[in-house]
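Asks:
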Amino acid sequence: MYAKKMAESRPLDMRLFDPRAGYKLASSLVGRFGSPRRNAIFQNYVDHVDTEGRGDYAGLMATCSKKFQSYAAYFSPAGPTTGLPQSYAELERYYYDLVASNTYLIHREVDKLIVGDDELFVDGVIHQLYPGSVLVKRGLRLDPKRVHQLTARVAVAFLFDEDGLGAGEHAYAPVLDESHYTPVEPELVPEVFWNNPVTGRVVL
-8 MYAKKMAESR PLDMRLFDPR AGYKLASSLV GRFGSPRRNA IFQNYVDHVD
42 TEGRGDYAGL MATCSKKFQS YAAYFSPAGP TTGLPQSYAE LERYYYDLVA
92 SNTYLIHREV DKLIVGDDEL FVDGVIHQLY PGSVLVKRGL RLDPKRVHQL
142 TARVAVAFLF DEDGLGAGEH AYAPVLDESH YTPVEPELVP EVFWNNPVTG
192 RVVL
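In this text, residue positions in the sequence shown follow our numbering: the first is -8, and each later residue adds one.
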């Protein structure tokens, strides 16, 4: 899939923010990739984006392979695999923390999507919500009492095992700094942000 128009890497109007945007696009493409194997791994991707966007931790883990995991962020100054899961056990903690830290809400603007036999490639702009306190703990000089929108072009190669389950993600993006984050006005923070599916009511 190629959208013919590249998404612009600029903050999204929060009135348009939809953590289901990536799922809605992907679900419209189910069954269109020419072979049972490719359709199967694409369905896994759809299920993965669906459960992640709803903060469904158990459902999200069900899309992941227990055989092997390989996660990498090739833009990280600390090294591509530092702090990222390399086993199913590590992935359980990684995704639990993603949901519990309230950083699972992502609006995806996908403009390129390629499905192969063992990998799926997605390129586009993401808009991801972060509590300021999470970013401060990562060393960024931002207001810990605000919600911030990350905006960045990110390309990800999703890996799959022989059963069609997700076996890793290798991501490519710019080095993220304060310039990639925009504070969100309190009245524009979506209600779903304040009701975490793991920890309950959120207080900044």
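Beta carbons are placed, not taken as given, at the ideal position from N, Cα and C, and that holds for glycine.
Quantities reported herein were computed from a predicted structural model and do not represent experimental measurements.
Based on DSSP bridge pairs, tell me the residues matched to Phe112.
Replies: For Phe112, which the question treats as bridged, DSSP gives the partners Ile105 and Ala148.
Asks: If you follow the alpha helix (DSSP H) that Gln92 is part of, which residue opens it and which one closes it?
Replies: Reading off the sequence, residue 92 comes out as Ser, not Gln. No alpha helix (DSSP H) contains Ser92, which DSSP labels as neither H nor E.
Asks: Whole angstroms are fine: how far does the CA of Ser26 sit from the CA of Tyr95?
Replies: 31 Å
Asks: By DSSP's criteria, Glu100 is part of a beta bridge. Which residues make up the other side?
Replies: Val116
Asks: Rounded to whole angstroms, what's the CA-CA distance from Tyr14 to Arg99? Just pull it up for me.
Replies: 9 Å
Asks: Can you tell me which of the three DSSP states Leu16 falls into?
Replies: helix
Asks: Please state the DSSP three-state secondary structure of Val127.
Replies: helix
Asks: Have a look at Val127, Pro71, Ile105 and Thr73 and flag the residue whose alpha-carbon is nearest the alpha-carbon of Ser92.
Replies: Val127
Asks: Could you have a look at Gln140 and say whether DSSP puts it in helix, strand or coil?
Replies: strand
Asks: Comparing alpha-carbon positions, which option in Phe33, Leu20, Tyr172 and Phe59 lies nearest Ile117?
Replies: Tyr172
Asks: Exposed or buried, which one is Asp108 when buried takes at least 16 other CB atoms within 10 Å?
Replies: Under a 10 Å Cβ-count criterion, Asp108 is classified as exposed, with fewer than 16 other Cβ atoms of the shown protein chains found around its own Cβ.
Asks: Would the beta-carbon of His39 fall within 7 Å of that of Gly159?
Replies: no
Asks: Count the CB pairs spanning the stretch 33 to 49 and the stretch 10 to 24 that are closer than 8 Å, and state whether there are at least three.
Replies: With a cut-off of 8 Å, the stretch 10 to 24 and the stretch 33 to 49 count as touching, because enough Cβ pairs lie within range.
Asks: Can the beta-carbon of Pro2 be found closer than 7 Å to that of Gln119?
Replies: Going by C-beta atoms, Pro2 is not nearer than 7 Å to Gln119.
Asks: Quick one: what's got a C-beta closer than 6 Å to Tyr65's C-beta in the same chain, skipping five residues either side?
Replies: Pro71 and Tyr163
Asks: Using a Cβ-Cβ cut-off of 6 Å (strictly less than) and excluding sequence neighbours within five positions of Phe59, which residues of its own chain qualify?
Replies: Ala158
Asks: May I ask you to report which of helix, strand or coil DSSP gives Gly44?
Replies: helix
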